[in-house]
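Down below is the structure, laid out as structure tokens.
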Amino acid sequence: MHTSSPVTSALAYRVFRWPSGELMQALVDMDTATAEATQLTLLLTLSEVASHLRCTRRSVEREVARRHLQVVHIGRSVRVERRELDRYVDSLRESDEG
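Numbered according to my numbering, the sequence shown terminates at residue 1023, and the numbering increases by one at each position without gaps.
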């Protein structure tokens, strides 16, 4: 007996504007589009960092206060560079191994 697996990706029509100003409509896999957009983001908010780490924003704020996680200030906004988040996760891995 063969059972089919459920479809897990969400498809939706998105409208894009070309640099020439022309509009284009395309069917997009929203799960893939969201993942790609996240990968391209250079600076993350503290809430986005918390989401990536699967913890609370307050936990991220504590790590910033302890200077375990470096931030970038843009006016009153606080952001974390993606490479800093990668460095931080690597440092957690190293402390688990040692």
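Even for Gly, the Cβ is constructed at its ideal location relative to N, Cα and C.
Close Cβ partners of S976 (< 7 Å) along its chain, the five nearest in sequence each way excluded | Numbered from 1 along the sequence shown, position 51 holds the residue referred to as residue 976. The beta carbon of S976 sits closer than 7 Å to no other beta carbon from its chain once the five residues preceding and following it are set aside.
Alpha carbon to alpha carbon, how far is R1018 from L1010?
-> What you label residue 1018 is simply residue 93 of the sequence shown in a count that begins at 1. What you label residue 1010 is simply residue 85 of the sequence shown in a count that begins at 1. So the two alpha carbons sit approximately 13 Å from each other.
Have a look at R1001 and V974 and give me their C-alpha separation to the nearest angstrom.
-> Position 76 of the sequence shown holds residue 1001. Position 49 of the sequence shown holds residue 974. Taking the straight line joining both Cα atoms gives about 17 Å.
How long is the line joining the alpha carbons of V996 and D1021, rounded to whole angstroms?
-> The residue labelled residue 996 in the question sits at position 71 within the sequence shown. The residue labelled residue 1021 in the question sits at position 96 within the sequence shown. Between V996 and D1021, the C-alpha separation is close to 23 Å.
Range of the contiguous beta strand (DSSP E) that encloses H977 | The residue given as residue 977 occupies position 52 in the sequence shown. From DSSP, H977 is part of no beta strand (DSSP E) but of the alpha helix (DSSP H) over 971 to 978.
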